[in-house]
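The opening residue of the sequence shown carries number 26 in this note's numbering; numbering runs sequentially from there.
We put the beta carbon where it would ideally sit given N, CA and C, even for glycine.
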Amino acid sequence: MDFSFILPPGTAITSVSINIFRNIQPPVAADADWTVSTPFILDRAVYCMLSGGVEGNDYQIRWHITDSQNNVWNRTAMVLCAQTS
26 MDFSFILPPG TAITSVSINI FRNIQPPVAA DADWTVSTPF ILDRAVYCML SGGVEGNDYQ
86 IRWHITDSQN NVWNRTAMVL CAQTS
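If you want it as structure tokens, here you go:
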């Protein structure tokens, strides 16, 4: 996830974490459905290797970063798991 467009100039990412939820109401933790590598920081972006998910389920990948000014930034990405063709 690229944070370079929202972080103020001169601000760096100092920590990152990731949580995965099934996209239902209310969202439910789905860490058991996924294999997640340790997230890492590269410049003003964060990366993580993900594998897994269950066919027919949609997921929220929630990124949480802290910057060098102790601001916390939360962003969510969606993953849709459908049948392969």
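Here Asn48 has Asp83, Tyr84, Gln85, Met103 as same chain residues with Cβ atoms under 7 Å from its own Cβ, once five neighbours each way along the sequence are excluded. In this structure, the alpha-carbon of Gln94 lies about 23 Å from that of Asn44. The three-state secondary structure of Asp56, taken from DSSP, is helix. Closest in C-alpha terms to Pro34, from the list Arg87, Arg69, Phe65, comes Arg69.
Rounded to the nearest angstrom, the gap between the Cα atoms of Asp27 and Phe46 is 20 Å.
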